[in-house]
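What follows is a short report on a single structure.
Written as structure tokens, this is what we have:
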């Protein structure tokens with residue numbers, strides 16, 4: 001029976017039904033009055049929010065007017081609806097039915113929530129940034145996502161990422177039946193036209209009016225659509241739990257694809273993969289399906305009539321659900337793929353609101369952009385992943401995988417110490433020459449011999465390194481009286497099942513009592529008495545409040561948090577931005593070595609910044625790119641002048657773990673940073689800088705020397721291979737200047 005349903009689904013999806021139909025004709029007034037609109041006629045021309053990836057339900061383009069003049073309209077024949085003649089709005093062009101429907105399950109794997117956010121705009125077919133002055137593509141280290149940061153799937157992944165280390169899988173199947181686009185210069189809807197025409201000239205005072213328009217109509221409008229239906233499931237995988245089960249994210253993704261595909265086809269390749277997945281399922285220790293085991297999932301159904309919760313993976317139990325859903329898409333389709341343009345492009349170039357609307361849309365998008373920022377240090381391993389600079393990478397072995405997750409359950413480290421005995425009796429005529437053999441699994445250790453002592457205390461501490469706690473292995477002690485190398489008397493022994501933590505025990509020997517202590521520390525992400533239980537790795541509550549995702553912050557929240565947590569600075573306490581002419585003059589005078597101090601700025605640095613060296617970049621105003629490399633000293637501070645309420649700081653590696661911990665704690669109180677190259681750029685006000693450096697406890701050596709003015713960037717603390725001299729610097733790039741150094 002299931003095979004019959006598969007055959008019916010495929011035959012229906014490829015049914016020719018006199019398709020396609022894209023030839024239109026002009027209908028008479030009588031025909032136009034009687035004709036229905038094509039399905040989904042009003043889905044194009046709708047306002048769209050690129051941040052939330054939602055249609056706003058507010059129409060920017062007039063999609064209700066069909067009259068071309070004299071009561072006529074444009075009609076098309078719909079082959080999916082018994083060749084019914086249907087009309088289209090006057091603003092619509094190129095309507096057509098599509099000849100086939102793809103029923104293939106597609107899947108995507110995301111190693112982090114930030115990569116998912118970056119891909120959350122994938123349903124937009126064109127480049128939605130054209131016409132806006134924002135970065136074309138975010139870099140791997142700075143921007144994780146410009147659009148889609150508040151979409152449903154991003155919000156789901158964001159919430160999960162704060163609970164544990166997660167990777168994410170996306171599975172979907174979609175079907176398109178219709179396609180059309182809007183005219184190049186379409187008629188605007190009455191409400192939208194009234195709203196934009198009532199906008200005042202753009203200024204700081206009128207920003208709320210523009211923001212209100214965006215709240216109503218979004219950032220873009222839909223210009224072209226593919227209509228049909230889609231079922232999309234996003235699954236969250238606990239990274240280390242998956243690894244401990246002996247599976248990779250790719251294997252889970254592939255087996256979920258097999259289970260989803262079972263509803264649509266039963267090809268030879270799917271049958272082969274199904275057998276492979278049945279073998280993999282044994283590692284899970286149950287007969288449950290992959291979709292049931294890995295069930296942290298959100299499912300979105302677009303178009304048609306379907307209310308099943310997890311239909312993508314449960315559909316094979318009732319294949320008729322799919323056929324009914326596919327049939328309903330012909331009459332109630334929804335948007336599955338679309339093109340969008342920025343909202344301001346609808347307005348004439350001389351419209352009073354065009355530039356202001358563009359600026360406010362840009363601000364809104366950038367405010368909600370996700371900046372890549374590593375929230376935690378690596379407990380083990382190091383950061384060397386090119387795909388994700390915040391991912392910790394380990395050298396894979398039998399105990400730990402490359403993602404720094406335990407290779408299985410029961411992994412731990414074992415240390416045995418504090419070995420001693422009382423009341424031993426080994427020889428009749430002399431005291432005991434005692435030694436102890438310690439065994440766990442295939443590893444054994446032995447103490448030195450303590451001669452002529454019935455109450456020995458062995459000084460050894462035995463590190464067994466990584467071990468596996470299981471039912472067959474016990475920690476075993478054997479105590480011997482070593483008379484000669486060939487004559488040893490066994491005085492007794494005992495065995496114990498290991499348990500987590502510090503344990504001190506004793507056991508009775510044939511004569512006397514033996515005492516010992518051991519410490520078992522479970523591997524990362526493991527807990528329970530025998531390290532068999534999975535432990536999640538949630539973010540700390542303080543970090544979770546600051547970070548939007550596990551390793552990402554919202555750009556708009558940076559300034560907001562600084563403003564909330566820092567005192568308001570007076571005008572004379574801020575660094576004034578030098579003019580372009582002054583920057584050029586300073587660079588010329590700098591090369592001659594006669595650049596004078598800026599008294600307020602430099603003196604304030606001397607008094608408040610507890611560092612060994614301070615380097616000043618003349619201006620950040622015109623800079624398009626800043627070159628920061630590795631710093632040679634943990635007490636070097638690079639300051640970028642040119643910002644009125646904040647400065648940009650580049651710190652080197654801190655000397656001690658205590659300083660690093662204090663630094664991490666302080667920066668979370670309002671001074672947020674992001675990685676650029678090998679340096680760390682930090683946004684902070686003067687007050688925050690004082691608090692941070694005071695908390696870091698970096699001492700200030702007595703006395704300061706005169707400023708040293710290098711002639712080019714090669715004398716700066718930056719990597720000379722990456723930093724051009726002022727003579728060779730690209731336009732907009734300025735080299736740092738050493739303004740003082742503590743003696």
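Numbering (full-length UniProt numbering), first residue to last: 1 to 743. Each residue gets a CB set at the ideal place from its N, CA and C atoms; glycine is no exception. Bear in mind that the values here come from a model prediction, so they are computed numbers and not experimental data.
For residue 452 and residue 430, the rounded distance between their alpha carbons: 7 Å
So residue 534 packs on residue 525, CB below 8 Å; how close in whole Å? 6 Å
Could you give the distance in angstroms between the alpha-carbon of residue 234 and the alpha-carbon of residue 250? 14 Å
Classify residue 397 as helix, strand or coil using the three-state DSSP reduction. coil
Span of the beta strand (DSSP E) around residue 325: Where residue 325 is concerned, there is no enclosing beta strand (DSSP E), although the alpha helix (DSSP H) it sits in stretches over 320–328.
Can you find the residues in the same chain that come closer than 8 Å, C-beta to C-beta, to residue 330, ignoring five residues on each side of it along the sequence? 39, 80, 81 and 177
Determine the direct distance from the alpha carbon of residue 366 to that of residue 211, and round the result to whole angstroms. 14 Å
What whole-angstrom Cβ distance do residue 413 and residue 521 have, given they're in contact under 8 Å? 5 Å
Using only CA atoms, which one of 30, 88, 152 and 93 lies nearest to residue 70? 30
Mind checking who residue 412 pairs with in its DSSP beta bridge? 467 and 522
Since residue 747 contacts residue 406 with CB under 8 Å, what's their CB separation in whole angstroms? In this structure the chain extends from 1 to 743, so residue 747 is not present and cannot be described.
Measuring alpha carbon to alpha carbon, tell me which of 125, 147, 290 and 123 ends up nearest residue 134. 147
Residue 272 - DSSP class collapsed to helix/strand/coil: helix
Judging by CA-CA distance, which residue of 302, 304, 306 and 313 is the nearest neighbour of residue 294? 313
Would you kindly work out how many angstroms separate the C-alpha atoms of residue 52 and residue 368, rounded to a whole number? 10 Å
In whole angstroms, what is the alpha-carbon distance linking residue 45 and residue 402? 48 Å
What's the call for residue 158, buried or exposed, on a 16-neighbour Cβ count within 10 Å? buried
Please report the residue range of the alpha helix (DSSP H) in which residue 64 lies. No alpha helix (DSSP H) holds residue 64; DSSP gives it neither H nor E.
What are the complete beta strand (DSSP E) segments, minimum 3 residues, inside the segment 341–365? none
How long is the line joining the alpha carbons of residue 396 and residue 275, rounded to whole angstroms? 28 Å
Express the C-alpha separation of residue 145 and residue 119 in angstroms, rounding to a whole number. 8 Å
Boundaries of the beta strand (DSSP E) in which residue 240 is found, first to last residue: Where residue 240 is concerned, there is no enclosing beta strand (DSSP E), although the alpha helix (DSSP H) it sits in stretches over 239–244.
Between the alpha carbons of residue 237 and residue 374, how many angstroms are there, rounded? 20 Å
What are the boundary residues of the alpha helix (DSSP H) that includes residue 32? 29–34
Can you name the start and end residues of the beta strand (DSSP E) that residue 297 belongs to? 297–302
Nearest-angstrom Cα separation, counted from residue 202 out to residue 356: 5 Å
When DSSP builds the beta bridges, which residues end up paired with residue 217? BP columns for residue 217 are empty, so no partner.
I'd like the ranges of any alpha helix (DSSP H) spanning at least 4 consecutive residues and lying wholly in the segment 34–115. none
Mapping the DSSP letters down to three states, classify residue 456 as helix, strand or coil. coil
What are the boundary residues of the beta strand (DSSP E) that includes residue 167? 166–182
Assess, as a yes-or-no matter, whether the segment 422–441 is touched by the segment 470–490 under the definition of 3 or more beta carbon pairs within less than 8 Å. yes
Considering residue 190, what are the terminal residues of the alpha helix (DSSP H) in which it resides? 190–197
According to the Cβ coordinates, are residue 408 and residue 221 closer than 8 Å? no
Pull up the distance between the alpha-carbon of residue 271 and that of residue 393, whole angstroms please. 35 Å
Under the three-state DSSP convention, the category residue 443 falls into: strand
For a quick check, are the C-beta atoms of residue 538 and residue 111 less than 8 Å apart? no
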